[in-house]
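In the numbering used here, the protein residues as written are 5 to 229.
Every residue gets a Cβ at the ideal spot worked out from N, C-alpha and C, and that includes glycine.
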Amino acid sequence: MHSKRIREKVKHDYNEIADEFSKTRQFAWKDFEVFLDYYDKNAKVLDLGCGNGRFLKFLNKHGFKSYLGVDQSDKLLEIAKRENPGLKFMLGDMSELKDLKGKYDAIFAIASFHHLPRSLQLKTLKLWRRHLNDDGILFMTNWNLLQRRFWHRWLSCLLNPRFGFSALLIPFNSKVERYYFAFTKWRLNRLLKRASFSVKKNAYFNNGEAANFLSGKNIVSIAQK
5 MHSKRIREKV KHDYNEIADE FSKTRQFAWK DFEVFLDYYD KNAKVLDLGC GNGRFLKFLN
65 KHGFKSYLGV DQSDKLLEIA KRENPGLKFM LGDMSELKDL KGKYDAIFAI ASFHHLPRSL
125 QLKTLKLWRR HLNDDGILFM TNWNLLQRRF WHRWLSCLLN PRFGFSALLI PFNSKVERYY
185 FAFTKWRLNR LLKRASFSVK KNAYFNNGEA ANFLSGKNIV SIAQK
């Protein structure tokens with residue numbers, strides 16, 4: 005499927021499930037604590053794929069100088085604005101950032117980069133790097149779709165590979181099937197280096213503890229400009 009259609013599908017799906025999805029994203033993951041060794045509490049923060057603003061629960065605890073959240077789902081942004089009055093949010097596609105100006109000390113992409121198809125991944129990382137200050141840090145979490153609980157999904161992918169053999173459709177409450185690119189830590193490491201980042205950490209984690217590709221829930225990546 006063409007990359008533009010995939011991005012349109014992602015936007016449509018999250019608008020469709022916004023209220024229900026937001027209720028499931030009310031707490032900070034333990035994996036966020038891995039960021040603390042590299043995070044400056046006085047950072048100017050850009051949160052890409054911010055959704056309902058759930059990452060602010062982590063930032064409010066640890067501090068930040070300024071914040072801008074970007075998401076392409078207007079429904080999720082409505083929730084983010086309502087729950088976080090006084091903070092800035094912008095409607096936009098994180099793979100384009102057409103209206104974004106300025107540079108940031110920290111860019112976060114929490115469970116959002118994995119919604120990009122292969123054709124947009126390197127281009128998007130290079131774009132994000134341009135919006136970082138010198139020595140700025142990119143923080144990412146991406147779902148580990150190689151973990152056991154997704155194995156049955158791979159069978160469906162093999163039988164009907166309309167999104168290719170590196171992507172899965174993950175249902176949410178039977179309403180939609182969300183597009184996910186199945187990253188490995190090795191692919192992420194290669195992409196970050198090709199985008200001229202210095203990789204500081206890139207590993208599988210499960211509730212804040214180091215894991216392997218069979219047990220890790222997330223791939224946590226930290227990279228510096």
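Looking at C-alpha atoms only, which residue of Ala113, Lys27, Arg58 is the closest neighbour of Thr145? To locate residue 145, count along the sequence shown from 1; it is residue 141. Out of Ala113, Lys27, Arg58, Ala113 has the C-alpha closest to the C-alpha of Thr145.
Return the residue from the list Lys48, His118, Arg182 that minimises the CA-CA distance to Met98. Here residue 98 is taken as the residue at index 94 of the sequence shown, counted from 1. When each option's Cα is compared against that of Met98, the closest is His118.
Count the C-beta pairs between the stretch 58–74 and the stretch 21–32 that are closer than 8 Å, then say yes if the count reaches three, no if not. yes
Measuring alpha carbon to alpha carbon, tell me which of Ser225, Leu131, Arg194, Tyr18 ends up nearest Asn148. The count along the sequence shown starts at 1 and reaches residue 148 at position 144. Across the set Ser225, Leu131, Arg194, Tyr18, the C-alpha of Ser225 shows the shortest separation from the C-alpha of Asn148.
Phe143 vs Ala171 beta-carbon contact at 8 Å: If you number the sequence shown from 1, residue 143 lands on position 139. If you number the sequence shown from 1, residue 171 lands on position 167. Contact: no.
Could you have a look at Trp132 and say whether DSSP puts it in helix, strand or coil? One-based indexing of the sequence shown puts residue 132 at position 128. Here Trp132 sits in helix by DSSP.
How big is the Cα-Cα spacing for His6 and Ala84? In the sequence shown, counting from the first residue as 1, residue 6 sits at position 2. In the sequence shown, counting from the first residue as 1, residue 84 sits at position 80. Looking at the two C-alpha atoms, the distance is approximately 30 Å.
Terminal residues of the continuous beta strand (DSSP E) containing Val49? Within the sequence shown, residue 49 is the residue found at index 45, counting from 1. 48–52 is the span of the beta strand (DSSP E), which, as asked, contains Val49.
Secondary structure of Ser113, DSSP reduced to three states: Position 109 of the sequence shown, counting from 1, holds the residue named residue 113. Looking at the sequence itself, residue 113 is Ala, so the reference to Ser does not match. Correct three-state label for Ala113: strand.
Apart from the five residues on each side of it in sequence, which residues of its chain come closer than 6 Å, Cβ to Cβ, to Leu163? Within the sequence shown, residue 163 is the residue found at index 159, counting from 1. Residue confidence is low: Leu163 scores 49 on pLDDT, short of 50, so the model does not pin down where it sits. Its coordinate-derived value is still stated next. Counting only Cβ-Cβ distances below 6 Å, and skipping sequence neighbours, we find nothing.
Between which two residues does the alpha helix (DSSP H) harbouring Lys189 extend? By one-based count along the sequence shown, residue 189 stands at place 185. Run containing Lys189: 189–198, per the alpha helix (DSSP H) assignment.
Could you check what DSSP says for Gln125 in three-state terms: helix, strand or coil? In the sequence shown, residue 125 corresponds to position 121, counting from 1. Correct three-state label for Gln125: helix.
Validate contact between the stretch 66–85 and the stretch 123–133 using beta carbons, cut 8 Å, 3 pairs: no
Looking only at its own chain, which residues have a Cβ that is under 8 Å from the Cβ of Val38, when we skip the five neighbours before and after it? Along the sequence shown, one-based indexing puts residue 38 at 34. Lys205, Phe209, Gly212, Val224, Ile226.
Taking the Cβ atom as the reference point for each residue, do Val203 and Tyr108 lie within a distance shorter than 8 Å? The residue labelled residue 203 in the question sits at position 199 within the sequence shown. The residue labelled residue 108 in the question sits at position 104 within the sequence shown. Cβ atoms of Val203 and Tyr108: not closer than 8 Å.
For the putative contact between Gln151 and Gly220, defined by C-beta atoms under 8 Å, what is the C-beta separation to the nearest angstrom? On the sequence shown, residue 151 is found 147 positions in, with the first residue counted as 1. On the sequence shown, residue 220 is found 216 positions in, with the first residue counted as 1. Contact holds; Cβ gap of about 6 Å.
Collapsed DSSP secondary structure at Leu40 in the structure displayed: Locating residue 40 in the sequence shown gives position 36, counting from the first residue. Helix.
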